[in-house]
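>
Numbering (full-length UniProt numbering), first residue to last: 1 to 397.
(1) In whole angstroms, give me the CA-to-CA distance for residue 360 and residue 174.
(2) Could you tell me if residue 234 is buried or exposed, where buried requires 16 or more neighbouring beta carbons within 10 angstroms of its beta carbon?
(3) Residue 101: buried (16+ other C-beta within 10 angstroms of its C-beta) or exposed?
(4) According to DSSP, simplified to helix, strand and coil, what is residue 327?
(5) Between 382, 283, 370 and 318, which has its C-alpha nearest residue 342's C-alpha?
(6) So what does residue 161 bridge to, in DSSP terms?
(7) Quick check: what's the CA-CA separation for residue 75 versus residue 352?
(8) Rounded to the nearest angstrom, what separates residue 377 and residue 199 at their Cα positions?
(9) Tell me which residues share the same chain as residue 26 and place their Cβ nearer than 6 Å to its Cβ, disregarding the 5 neighbours each side in the sequence.
(10) Name the residue from 290, 250, 321 and 315 whose alpha carbon lies nearest to the alpha carbon of residue 300.
(11) Quickly, what does DSSP pair residue 174 with across the bridge? List them, please.
(12) Check each candidate in 104, 178 and 327 and name the one with the smallest Cα separation from residue 211.
(13) Is it true that the region 284-294 meets the region 32-52, where meeting means three or more beta-carbon pairs spaced less than 8 Å apart?
(14) For residue 272 and residue 347, I'd like the C-alpha separation in whole angstroms.
(15) At the level of alpha carbons, what is the spacing between residue 296 and residue 303?
(16) Determine the burial state of residue 266: buried for a count of at least 16 other Cβ atoms within 10 Å of its Cβ, exposed for fewer.
(17) Would you give the residue range spanned by the alpha helix (DSSP H) that residue 119 belongs to?
(18) What does DSSP give as the partner residues of residue 211 in its beta bridges?
(19) Just how far apart, CA to CA, sit residue 36 and residue 62?
(20) Starting from the Cα of residue 220, find the closest Cα among 130, 150, 243 and 99 and give me that residue.
(21) Please give me, in chain order, every unbroken run of the beta strand (DSSP E) with length at least 3 that falls completely inside the region 183-245.
(22) Could you have a look at residue 314 and say whether DSSP puts it in helix, strand or coil?
(23) Does the region 321-341 come into contact with the region 141-154, if we say contact requires no fewer than three beta-carbon pairs (one atom in each stretch) closer than 8 Å?
(24) Whose C-beta lies closer than 8 Å to the C-beta of residue 217 among residues of the same chain, with five residues either side of it excluded?
(25) Hey, could you find the ends of the beta strand (DSSP E) residue 139 is sitting in?
(26) According to the Cβ coordinates, are residue 15 and residue 52 closer than 8 Å?
(27) Distance, Cα to Cα, residue 115 vs residue 58?
(28) Note down the Cα distance separating residue 87 from residue 69, rounded to an integer number of angstroms.
(29) Tell me where the alpha helix (DSSP H) around residue 150 begins and ends.
(30) Who does residue 181 pair with in a DSSP beta bridge?
(31) Going by alpha carbons, who is nearest to residue 392 out of 322, 375, 337 and 345?
(32) Indicate whether residue 246 and residue 89 have their beta-carbon atoms separated by less than 8 Å.
(33) How is residue 19 classed by DSSP in three states: helix, strand or coil?
(34) Grouping DSSP H, G and I as helix and E and B as strand, with all else coil, what is residue 68?
(35) Which of the three DSSP states is assigned to residue 392 in this structure?
This is the structure in structure tokens:
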């Protein structure tokens with residue numbers, strides 16, 4: 001349809017075209033991915049093969065250091081084949097952007113002997129941290145660790161006390177696979193295949209050089225900032241990390257448009273035998289959702305291109321820019337959800353069957369929107385306070 005032609009015409013070619021090579025392969029395993037509640041190993045291997053998991057890993061360790069528009073468009077495309085695979089792989093890929101800002105000793109520990117090593121996360125600062133000589137003792141249960149079955153390290157959240165101010169700051173500590181357990185708690189109705197299980201740590205020593213704060217990762221004050229010279233390593237970590245959620249939601253909505261259009265063209269109403277494609281409400285719903293998905297795409301492409309522009313100019317984003325990046329992503333996700341909801345409601349009873357791809361789009365786009373970063377109520381509070389000149393609320397993510 002026109003939306004897809006327009007999308008392809010504006011998409012960066014290299015990584016996107018490589019993803020297209022494996023789309024059918026990934027799509028054939030979508031049911032398996034959901035049934036097993038984890039991304040198949042074969043999908044991870046295929047993603048390694050085309051380089052998608054190396055998108056923003058430093059070239060020193062075999063990475064590609066691609067631009068944000070190229071990376072995020074590739075993950076949006078992948079979401080059309082399997083949203084769970086896109087969700088997991090996008091997170092595992094962008095964690096490399098964070099690690100590039102950590103102490104070079106950690107970078108060597110992770111990638112020195114295994115350039116394909118992947119890093120997972122559970123970002124919320126739920127860990128119990130005790131400062132000790134040379135580092136910290138860490139304990140805690142860390143939920144929602146997407147793709148944790150495929151990783152060698154995990155970035156785990158805890159509050160770290162700043163030595164100068166005494167303030168408690170949101171920190172991320174890198175912990176190797178040998179130092180934590182995975183508990184299978186992932187029984188969900190959406191993004192079933194992400195394997196977002198609990199990571200459990202019991203009084204493990206974490207050297208100080210394996211810890212950074214979000215503030216340092218976002219402000220260029222971390223131990224490893226400047227280690228790598230690629231443009232991507234001038235950008236704050238948080239906007240890059242969080243852009244995956246909206247990219248995947250948008251990709252799901254694009255896929256739903258295609259599914260609905262094909263369905264509408266072929267559907268015959270059971271009671272009357274009338275062609276659904278000739279029903280004005282049917283194609284009116286398609287048109288309205290098309291406009292919402294197109295709006296979401298234009299918003300996201302604008303922000304992705306702005307990332308690239310800031311990186312190329314090596315310009316630190318202003319507060320205005322950071323707030324816009326943060327809240328525009330949530331709005332694009334909201335548009336994507338609205339578009340899919342409308343299509344689902346207009347599709348008739350057979351759309352709820354497990355054999356229908358549309359029901360997966362419906363479930364998974366809501367799963368993407370359920371992430372705290374995608375909460376539009378939070379986004380509007382952040383933006384609204386900023387627009388009237390109020391101080392930022394530190395309780396808002």
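Think of the CB as a built atom: it goes at the ideal place given N, C-alpha and C, for glycine as much as any other residue. In this text, all values refer to a predicted model and were calculated from it rather than measured experimentally.
Walking through what the data contain:
(1) Just so you know, the alpha carbons of residue 360 and residue 174 end up roughly 33 Å apart.
(2) Buried, because 16 or more other Cβ atoms sit within 10 Å of the Cβ of residue 234.
(3) Looking at its Cβ environment, which holds 16 or more other Cβ atoms inside 10 Å, residue 101 is buried.
(4) Helix, per DSSP.
(5) It is 283.
(6) Paired residue(s): 168.
(7) Taking the straight line from one Cα to the other gives about 26 Å.
(8) Answer to the nearest angstrom: the Cα atoms are 29 Å apart.
(9) Counting only Cβ-Cβ distances below 6 Å, and skipping sequence neighbours, we find 43, 81, 82 and 85.
(10) Closest in alpha carbon position to residue 300, among 290, 250, 321 and 315, is 250.
(11) Answer is 155, bridged to residue 174.
(12) Per the Cα distances, 104.
(13) Look at the beta carbons and you see the region 284-294 not touching the region 32-52: under three pairs across the two are nearer than 8 Å.
(14) A caution first: residue 272 carries a pLDDT of 48, below 50, which makes its placement in the model unreliable, though a value can still be read off. The alpha-carbon atoms of residue 272 and residue 347 are separated by roughly 16 Å.
(15) If you take the alpha carbons of residue 296 and residue 303, they lie about 11 Å apart.
(16) So residue 266 ends up on the exposed side.
(17) Bounds of any alpha helix (DSSP H) do not take in residue 119; it lies within the beta strand (DSSP E) bounded by 119-132.
(18) Under the DSSP definition of a beta bridge, residue 211 partners with 173.
(19) In this structure, the CA atom of residue 36 is about 31 Å from the CA atom of residue 62.
(20) Ranked by Cα distance from residue 220, the options 130, 150, 243 and 99 are led by 99.
(21) The DSSP assignment places complete beta strand (DSSP E) segments of no fewer than 3 residues inside the region 183-245 at 197-207 and 211-213, in order along the chain.
(22) Of the three classes helix, strand and coil, the one that applies to residue 314 here is coil, per DSSP.
(23) Taking a cut-off of 8 Å on C-beta distances, the region 321-341 does not touch the region 141-154, as fewer than three cross pairs fall below it.
(24) Within the same chain, residue 217 has close Cβ partners 98, 101, 172, 236, 237 and 238.
(25) Bounds of the beta strand (DSSP E) holding residue 139 are 135-145.
(26) For residue 15 and residue 52, yes; Cβs fall inside 8 Å.
(27) Spanning the alpha carbons of residue 115 and residue 58 requires a straight line of approximately 10 Å.
(28) When the Cα atoms are used, residue 87 and residue 69 turn out to be separated by approximately 17 Å.
(29) Looking at the DSSP string, residue 150 is not in any alpha helix (DSSP H), and its letter there is neither H nor E.
(30) Paired residues: 200.
(31) With distances taken between CA atoms, residue 392 lies nearest to 322 out of 322, 375, 337 and 345.
(32) Against a cut-off of 8 Å, the Cβ pair of residue 89 and residue 246 comes out as no contact.
(33) In this structure, residue 19 counts as helix in the three-state DSSP scheme.
(34) Annotated three-state conformation of residue 68 is helix, per DSSP.
(35) Assignment of residue 392 by DSSP, reduced to helix, strand and coil, places it in the coil class.
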